[in-house]
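First residue of the sequence shown? That's 624 in the numbering used here, and the numbers climb one at a time after it.
For glycine and all other residues, C-beta sits at the position ideal for the given N, C-alpha and C.
Just so it is clear, the structure is predicted and the values come from calculations on it, not from any experiment.
Everything on this sheet refers to the single structure shown next.
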Amino acid sequence: MPLIVDIHTHVYPPAYMQMLRARKTVPYVHDPSDAQDPRLIILSSDDDPSIPLDQRGRPVDSSYWDINVKLDFMRQHGINTSVISLANPWLDFLEPSEAQLWSERINDDLEKTCAEVNNTADPGKILSLEQKETLFAFGALPLSAPSSDIVVNEIKRLKTLPHLRGVIMGTSGLGKGLDDATLDSVWSALQDTETLMFLHPHYGLPDEAFGGPEVTARYGHVLPLALGFPLETTIAVTRMLLSGVFDRFPKLKILLAHSGGTLPFLAGRIESCILHERKFISGGGDVQGPQRSVWDVLKTNIYLDAVVYGKPGLEAAIAASGGDRLLFGTDHPFFPPLDDKESDWPSVTTNYKAIHATFDENAGVVEGVLGGNAARILNLK
Ligand code: 5CU
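Put into structure tokens, the structure is as follows:
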């Protein structure tokens, strides 16, 4: 059996859940403390005052915060190693004065959880035979902190935590998006420490892009998650490219969620629009414009997860970035089966099937995508 590594799997540690329970604005948890599951309200479109609180957002259960439930899920789906990350919206919404404390708290908590599960916290402890799953983690950054030095220091500190293998980050950066020049010290720290950044969406697109709030609400989470999330990622990474981030930091390593949103499919069009842009110096204008091609960046700076649920998406991803840069993921605990009696998660089995349908003629690629690539890129020992 090949090694299976899940690099896209989230947690809301208990302390974070507690903090969300105390909040009344997005993101928050409504927990009536009766027999019902608490409700998680994280997307701005969830926070509709015309919907009663106990129907707002989505129900959440212990799979969102209990690491033992994650381990059961791993066993059930044949996953050997998971690289866990705080789920969206991470620490983006915190007051500047709280950001550093929370990022240290969450990252130390992730480290402790991994050490306990991997038995490195107590090497003398005897593990049961079933307990062979291992965990690593991506850390969360204090992006709302009063100074980017605090972010840089946390990136450096994460290198001292044995189970941390990178950072997860949304698309807002320090508040102005990822083409903000004040992020240069963060890119520099990520590059110098060889820290991989997992870029993940959260904010989607404005409701107007889908026809207004009523249309968005009519279809639940489908429009924000199926279209808003991938386009948000595509826009964020394209802004990085256009502003020259990859020219200034040619060794940055970025893992894009959901197979890069739509980047692999749109790369040719993005490249063509850049080559035809009169604003750029290359087209006679006065804006620098990107110096490296999208294709070069895709093959040297970008890694893609394989969370795209279908063959055409995987084919675009592998054609754009390469079979050695594509990594299996589940997006657990999001997208649980709606039918309680179903034990396998269709969101996971669909991804497994798509990987086999796409790459089965090439066992090396299948093994790489399922786990070999992650083990090599993230140094998972
Ligand atoms: O279902 C969702 O809203 C999500 C989410 O918020 N984050 C994620 O990673 N996947 C799905």
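Report the residue from the options whose alpha carbon sits nearest the alpha carbon of residue i.
i: V692; options: P682, G747, P661, H633; result: H633
i: L781; options: F903, Y639, F759; result: F759
i: V652; options: L819, S686, D677; result: D677
i: S866; options: G835, S705, L819, R915; result: R915
i: T704; options: D745, P675, I630, G762; result: I630
i: I925; options: D963, T953, F869; result: F869
i: P807; options: E837, A977, D772, V931; result: The residue you asked about is not Pro; residue 807 is Asp in the sequence shown. Of the listed residues, the one whose Cα sits closest to D807 is D772.
i: M792; options: E855, L848, D671; result: E855
i: P682; options: P847, E739, L694, D654; result: D654
i: L850; options: L993, M863, D830; result: D830
i: H823; options: L801, Y975, L889, K748; result: L801
i: R644; options: D657, L626, A658, L663; result: L663
i: L878; options: L927, A832, G908, P887; result: L927
i: T973; options: R728, T953, A859; result: T953
i: L937; options: Q699, V989, W713, F957; result: V989
i: A880; options: L828, C896, T794, D947; result: T794
i: A710; options: E984, I665, A986, L717; result: I665
i: L921; options: R901, S944, G906, G908; result: S944
i: G991; options: F951, A832, G933, H955; result: F951
i: H825; options: N742, T857, L864; result: T857
Kindly list the residues whose CB is nearer than 7 Å to the CB of residue i, restricted to its own chain and excluding five residues on each side of it in sequence; keep chain order.
i: I893; result: T861, V917
i: P960; result: W968, P969
i: T839; result: S668, D830, F833, L846, P847
Near residue i, what residues of its chain come up, given a Cβ to Cβ distance below 6 Å and the 5 sequence neighbours on each side ignored?
i: S770; result: none
i: D732; result: P636
i: M640; result: W688
i: T783; result: none
i: D684; result: D660
i: I690; result: T736
Decide if residue i is buried, meaning its Cβ has at least 16 other Cβ atoms within 10 Å, or exposed.
i: P935; result: exposed
i: Q723; result: buried
i: L898; result: exposed
i: E777; result: buried
i: N730; result: buried
i: G891; result: exposed
i: P675; result: exposed
i: V845; result: exposed
i: T885; result: buried
i: R669; result: At residue 669 the sequence reads Asp, which differs from the Arg that was named. Result: buried.
i: A804; result: exposed
i: H979; result: exposed
i: A859; result: buried
i: P853; result: buried
i: G796; result: buried
i: A977; result: buried
i: M863; result: buried
i: M624; result: exposed
Excluding the five sequence neighbours on either side, which residues of its own chain have a C-beta within less than 8 Å of the C-beta of residue i, listed in chain order?
i: L1003; result: V628, T704, V706, T757, F759, R788, A997
i: L875; result: W810, L813, Q814, M820, V868, F869, N924
i: A744; result: K735, A738
i: I904; result: V910, Q911, G912
i: A942; result: P887
i: A940; result: S882, G883, P887, L927, A929, V931, L949
i: L714; result: A722, W725, S726, I729, A763, L764, P765, L766, S767
i: T648; result: D670
i: G843; result: none
Using a Cβ-Cβ cut-off of 8 Å, state whether residue i counts as contacting chain B.
i: A849; result: Among the chains of the structure shown, chain B does not appear; only one protein chain is present.
Compute the minimum distance between the beta carbon of residue i and the heavy atoms of the ligand MN, and state whether it is under 7 Å.
i: I858; result: Of the ligands one can find in the structure shown, namely the ligand 5CU, none is the ligand MN.
- Message: Report the start-end ranges of each alpha helix (DSSP H) in the region 627-711 that is 4 residues or longer and not cut off at the edges.
- Response: Runs found: 637-644, 690-699.
- At what residue ranges does the region 916-978 contain a whole run of the alpha helix (DSSP H), taking only runs of 4 or more? DSSP runs (the alpha helix (DSSP H)) wholly in the region 916-978: 917-923, 934-944.
- Of all the alpha helix (DSSP H) runs that stay within the bounds of the region 730-781, which reach a length of 4 or more residues? Restricted to the region 730-781, the alpha helix (DSSP H) segments that are unbroken, complete and at least 4 residues in length are 771-781, listed in chain order.
- Message: Please give the ranges of any alpha helix (DSSP H) in the region 872-914, keeping only runs that are unbroken, at least 4 residues long and fully inside the region.
- Response: Listed in chain order, they are 886-898.
- alpha helix (DSSP H) runs contained entirely in the region 819-860, provided each spans 4 or more residues: 836-841, all fully within the region 819-860.
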